[in-house]
Amino acid sequence: MRDVVVIGAGMTKFGELWDKSIKDIFVEASLKAIKDSGVDHIDSIYVGAMSSGLFVGQEHLGAILADYLGMNPVPATRVESACASGGAAFRQAYLEVASGASEIVLAGGVEKMNDGADVTEVLATAADQEYEVYQGITFPGLYAMIAKAHMHQYGTTREQLAAVAVKNHRNGSKNKNAQFGFEVTPEQVMKSTMVSDPLRLLDCSPVTDGGAAVIVASMDVAKKLNKNFVRVIASAQASDTIALHSRESFTTLNSVVKAAEKAYRMAGIKPTDLNLCEVHDCFTIAEIVVSEDLGFFEKGKGGEAVLNGLTSIESGKIPINTSGGLKSKGHPVGATGIAQIIELFEQLNGKAGGRQVKNARIGMAQNMGGSGASSVIHILEVK
Ligand code: COA
110 MRDVVVIGAG MTKFGELWDK SIKDIFVEAS LKAIKDSGVD HIDSIYVGAM
160 SSGLFVGQEH LGAILADYLG MNPVPATRVE SACASGGAAF RQAYLEVASG
210 ASEIVLAGGV EKMNDGADVT EVLATAADQE YEVYQGITFP GLYAMIAKAH
260 MHQYGTTREQ LAAVAVKNHR NGSKNKNAQF GFEVTPEQVM KSTMVSDPLR
310 LLDCSPVTDG GAAVIVASMD VAKKLNKNFV RVIASAQASD TIALHSRESF
360 TTLNSVVKAA EKAYRMAGIK PTDLNLCEVH DCFTIAEIVV SEDLGFFEKG
410 KGGEAVLNGL TSIESGKIPI NTSGGLKSKG HPVGATGIAQ IIELFEQLNG
460 KAGGRQVKNA RIGMAQNMGG SGASSVIHIL EVK
């Protein structure tokens, strides 16, 4: 396997994009990434999208997006792994360049969730239809069960859950592309509308339209273009049971643990070597559980850590979700994994503005599908 780098990035604003189609959104993000990278051609395209068929009635997304980008006959493939579709698309691009099959690959993600579909129902297609959805469970419901179990087992508190939302909204207020770029107080989080006990409105990621794209290339291409680049030093993926009830524990996400083990081994680093991490905070409890499963904190101590500021940009032991995370930046499910890579690209190149982590050199992106049945992890480094 040869060295693979990211040489350009682009994204749309995240939010309710009523005046843009799914094609407009992907084309906008892709053209920005191409311009940023300075490449004059693309060898192939991967696009992460969870459910364009159900959200906007459009399948065959790879071919359609290549067409609207004016790139036929470039090979274009859609990748689906629920909310980890973006991370999985990036991994395919990484593997294609690492193998030597291509020199320059566009890895993108897109979702248009606000177009009239029953979003809760569409998202629930990523859970076990027979044993979970048929019984009435939704994603807020699944993560609420994880939260209840974590509170019961480790004493995690309502204040600790709220601290995740407060931090991520603070970070998101410094991100011009964030859907909800406003700050919130712990009281506002704890008094917001109940969604699924104990998770309230401000514990949830929103329903979002948006697109993101990066250009993945070989080191040879990066050197010829003489552009800023970051190197992909690990790419790992793992799976777990689709249904929560099949797991030994509700409070450990095995796909995250296994993908992280592989990623740390491949990069030859320890959790303490990371300078920042974008994690999949689809609900506040998810950030707490994942921060433990990635080895940043002892099991059961993730809530205490966020409340004590250990994951903030300012005082951070490990700054988490500097972009605002899914909570504040937004969660257009298929685009999320690519947007996480973009945050690392900007941070590692020192271009994250008001949310810059000082001396950021190594960063991780953790993207997850469903209640953790799939997890994709990448580690990026700048020399
Ligand atoms: N965070 C902050 N504010 C939010 C919000 C969120 N997650 N979701 C909606 N809002 C705001 C809206 O802007 C709106 O504000 P306004 O009244 O000032 O205009 C208000 O709350 C109501 O918005 P609405 O769109 O009617 O909310 P909703 O009740 O339809 O949806 C949720 C709220 C939480 C149910 C929805 O965002 C959701 O399902 N989130 C989870 C998505 C998910 O499961 N993703 C996959 C994870 S695996």
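The numbering of the sequence shown is our numbering, which starts it at 110 and goes up by one.
Idealized CB from N, CA, C, for every residue including glycine.
Predicted model only: the values in this text are computed from it and were never measured.
Item	Value
Pull the bridge partners of HIS487 from the DSSP assignment, please.	SER344 and ALA474
Is ALA235 near the ligand COA - that is, is its Cβ less than 8 Å away from at least one heavy atom of it?	yes
Using the C-alpha atoms, what's the distance from VAL275 back to ASP320?	Here residue 320 is Gly; the residue named in the question, Asp, does not match the sequence. Those two C-alpha atoms are separated by around 25 Å.
To the nearest angstrom, how far is it from the Cα of ALA216 to the Cα of GLY434?	20 Å
Is any heavy atom of the ligand SAM found at a distance shorter than 8 Å from the C-beta of VAL316?	Among the ligands in the structure shown, the ligand SAM does not appear; only the ligand COA can be found there.
I think VAL298 touches ARG309, with their Cβ atoms under 8 Å apart; what is that distance to the nearest whole Å?	7 Å
Out of GLU490, GLY162 and ILE486, point me to the one whose CA is closest to ALA372's CA.	ILE486
Please find out if some non-hydrogen atom of the ligand COA comes closer than 8 Å to the beta-carbon of THR229.	yes
Among ALA343, SER355, ASP145 and ILE397, whose alpha-carbon lies nearest the alpha-carbon of MET375?	ALA343
Using a threshold of 8 Å, is the CB atom of SER480 nearer than that to any non-hydrogen atom of the ligand COA?	yes
What three-state label does DSSP hand ALA322 in the structure shown?	strand
From the DSSP output, in three-state form, read off VAL156 for me.	strand
Determine the extent of the beta strand (DSSP E) in which MET303 is found, giving its start and end residues.	303–305
Please work out which residues of its chain come closer than 7 Å, Cβ to Cβ, to PHE405, disregarding the five sequence neighbours upstream and downstream, and give them in chain order.	PRO380 and ILE427
What residue range is occupied by the uninterrupted beta strand (DSSP E) comprising THR186?	185–188
Starting from the Cα of PHE164, find the closest Cα among ALA172, GLN449, ASN476 and VAL316 and give me that residue.	VAL316
Which runs of the alpha helix (DSSP H) at least 4 residues long sit entirely within the segment 237–323? Give them in chain order.	248–263, 267–281 and 295–300
Is VAL273 close to the ligand COA? I mean its beta-carbon at under 8 Å from any heavy atom of the ligand.	no
Across which residues does DSSP place ALA216 in a beta bridge pair?	TYR155 and VAL323
Provide the residue(s) that pair with PHE392 in DSSP beta bridges, ordered along the chain.	CYS313
To the nearest angstrom, how far is the alpha carbon of GLY418 from that of ALA322?	31 Å
Beta-carbon separation of LEU362 and VAL415 under 9 Å?	no
Determine the extent of the alpha helix (DSSP H) in which ARG118 is found, giving its start and end residues.	The question names Arg, yet the displayed sequence has Ala at residue 118. ALA118 -> not in any alpha helix (DSSP H); beta strand (DSSP E) instead, spanning 113–120.
Taking the C-alpha atoms as reference points, what is the distance between LEU453 and PRO182?	31 Å
I believe GLY446 touches PHE199 by the beta-carbon criterion, under 8 Å. Please report the beta-carbon distance rounded to the nearest angstrom.	6 Å
Less than 8 Å separating the Cβ of LEU310 from some heavy atom of the ligand COA?	yes
On the DSSP bridge list, what partners appear for LEU385?	GLY472
Helix, strand or coil, according to DSSP, for LYS367 in the structure here?	helix
Could you tell me which whole beta strand (DSSP E) segments of length 3 or greater appear in the segment 168–212?	185–188
Straight-line CA distance for LEU251 to GLU239?	15 Å
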